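Peer 1: In the working numbering, the protein residues as written are 33 to 134. Ideal Cβ positions, reconstructed from N, Cα and C, are used throughout, including at glycine. For clarity, every value in this text was computed on a predicted model and none was experimentally measured.
Right, dumping it as structure tokens:
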């Protein structure tokens with residue numbers, strides 16, 4: 033955003049299964065800075081979403097934004113409390129690094 037001078041995390045959750053989640057569940061976004069952002073406050077945002085039908089998608093954004101020269105390391109954990117029974121429990125976490133030339 034802002035011509036590449038700022039950024040913020042976008043979290044997109046998709047039900048890739050063939051059944052509805054049938055209930056709501058939590059998604060946790062956490063992040064920490066390094067380099068020029070080292071003194072920045074850590075990110076911790078928890079969203080309750082769902083239920084999601086097969087193929088349905090839900091998107092939310094981190095609150096606030098960061099300068100493009102700073103680096104943030106993010107992790108997203110879906111179904112944090114393991115409320116949804118799934119055929120594949122191994123695809124509920126993703127980590128990414130943004131900013132600072134990444």
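Which term fits residue 53, buried or exposed, when burial requires 16 or more other beta carbons within 10 angstroms of its beta carbon?
Peer 2: As a first step, residue 53 is located in the chain shown; it is residue number 21 there, counting from the start. Under this definition residue 53 is a buried residue.
Peer 1: Drop a sphere of 10 angstroms on the beta-carbon of residue 61, count the other beta-carbons inside from all chains shown, and report buried for 16 or more, exposed for fewer.
Peer 2: Taking the chain shown and counting its residues from 1, one reaches residue 61 at position 29. With 16 or more Cβ atoms within 10 Å of its Cβ, residue 61 is classed as buried.
Peer 1: Could you tell me the alpha carbon to alpha carbon distance between residue 57 and residue 115, rounded to whole angstroms?
Peer 2: As a working note, residue 57 is residue 25 in the chain shown. As a working note, residue 115 is residue 83 in the chain shown. The alpha-carbon atoms of residue 57 and residue 115 are separated by roughly 6 Å.
Peer 1: With the cut-off set at 8 Å, would you say residue 121 and residue 40 are in Cβ contact?
Peer 2: On the chain shown, position 89 is the one that residue 121 refers to. On the chain shown, position 8 is the one that residue 40 refers to. No, the Cβ-Cβ distance between residue 121 and residue 40 is not below 8 Å.
Peer 1: Report the option in 112, 130, 47, 79 whose CA atom is closest to the CA atom of residue 103.
Peer 2: For this step, residue 103 is matched to residue 71 along the chain shown. Ranking 112, 130, 47, 79 by Cα distance to residue 103 puts 130 first.
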